[in-house]
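J.:
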């Protein structure tokens, strides 16, 4: 089993690398190109499963509603903590005037009540836009948590599964960051790379936990979709610049990655605690 899992992971990485190179020849800024890029890990996972006779049932298609709710809540929770700290310390202001105006236009609102507009925008991004965002997130999650995490978990420990999947996940994003196609403005490239590395590795722990504990890919898809919506489009766009705000907000600022680290540490501890409990229960059952 270990050798077959290693072989599948190698095939997956090779196919993913080939697809990534091929995407450079597609027209930039087209909807098809964006969809194809987001689906490259999923396509690589499906092709790898096909050529290595891996059952698609191992993706984890069965919904798990409890964990799906957790997948929705977690990005909202750590995003609110991170940006709450930013606003409280004056590292960024709230609300950003352009966010209020764009929110009114997008949702067709006539009210000038800023709190009402912010609440409506939150639910628009995290609820009404959830299914479209899930379409994009599913492409990535088929690869990372539908394929890579279960295969890695066959050959190594939980924390190494999370680490290695996170490294591959980050490595896949790195060319876009270095080329300037994915990132933030106003901060040095090295700073963006460091912040995004921390964010992805921390997120890989949380998502590996969700996938392995739930037995389903859907909590991870929802987590990924809500994170993209709430961090990239809600909290970040809601925050006004107060001077050095770009260093703290979004996926390429420092605050969300730092808060994510605490969540990663908690879920790593929780997984190890549960695993120890399961082993102890097995030993006790055998001894009886």
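Residue numbers (our numbering): 153 to 440. Beta carbons: idealized from backbone N, C-alpha and C, even for Gly. Nothing here was measured: the structure is a model prediction, and the numbers come from that model.
Just the C-alpha distance for residue 163 and residue 335, rounded to the nearest angstrom, thanks.
T.: 29 Å
J.: State buried or exposed for residue 344, treating a residue as buried only when at least 16 other CB atoms are found within 10 Å of its CB.
T.: buried
J.: Might you give, ordered along the chain, the residues of its own chain that have their beta carbon closer than 7 Å to the beta carbon of residue 277, omitting 5 neighbours on each side?
T.: Only 381, 382, 385 and 386 meet the Cβ criterion.
J.: Return the residue from the list 256, 158 and 191 that minimises the CA-CA distance to residue 324.
T.: 191
J.: For residue 256, which residues from the same chain have a beta carbon less than 7 Å from its beta carbon, with the 5 sequence-adjacent residues on both sides left out?
T.: 269
J.: Thinking C-alpha only, which one of 346, 200, 417 and 262 is nearest residue 330?
T.: 346
J.: For the putative contact between residue 299 and residue 197, defined by C-beta atoms under 8 Å, what is the C-beta separation to the nearest angstrom?
T.: 4 Å
J.: Here's the rule: buried if 16 or more other CB atoms are within 10 angstroms of the residue's CB, otherwise exposed. What is residue 219?
T.: buried
J.: Measure from the alpha carbon of residue 231 to the alpha carbon of each residue in 355, 170, 396 and 367, then state which is nearest.
T.: The shortest C-alpha separation from residue 231 is found at 355.
J.: Tell me which residues share the same chain as residue 375 and place their Cβ nearer than 7 Å to its Cβ, disregarding the 5 neighbours each side in the sequence.
T.: 223, 226, 227, 359 and 362
J.: Does the Cβ-Cβ distance between residue 295 and residue 194 come in under 8 Å?
T.: The answer is yes: Cβ separation under 8 Å.
J.: Pair every Cβ in the region 311-319 with every Cβ in the region 398-410, then say whether three or more of these pairs are closer than 8 Å.
T.: No, the region 311-319 is not in contact with the region 398-410.
J.: For residue 308, which residues of its own chain have a beta-carbon under 8 Å away from its beta-carbon, when the five flanking residues on both sides are left out?
T.: The residues 316, in chain order, have a CB closer than 8 Å to that of residue 308 in the same chain once the five nearest residues on each side in sequence are set aside.
J.: Going by beta carbon distance, what residues of the same chain come within less than 6 Å of residue 249, once the five residues before and after it are set aside?
T.: none
J.: Give the straight-line distance between the Cα atoms of residue 396 and residue 240, rounded to the nearest whole angstrom.
T.: Near 15 Å, if we compare the C-alpha coordinates of residue 240 and residue 396.
J.: Based on DSSP bridge pairs, tell me the residues matched to residue 245.
T.: 392
J.: Can you give me the C-alpha to C-alpha distance between residue 439 and residue 199, rounded to a whole angstrom?
T.: Reliability of the predicted coordinates at residue 439 is poor, the pLDDT of 33 falling under 50, and no value is obtained from them.
J.: Let's test the definition: count the other Cβ atoms within 10 Å of the Cβ of residue 378 and tell me whether it reaches 16, buried, or not, exposed.
T.: buried
J.: Is the Cβ-Cβ distance between residue 339 and residue 243 less than 8 Å?
T.: no
J.: Hey, how far is the Cα of residue 312 from the Cα of residue 259?
T.: 44 Å
J.: On the CB-based measure, 16 or more other CB atoms within 10 Å of its CB, does residue 271 come out buried or exposed?
T.: exposed
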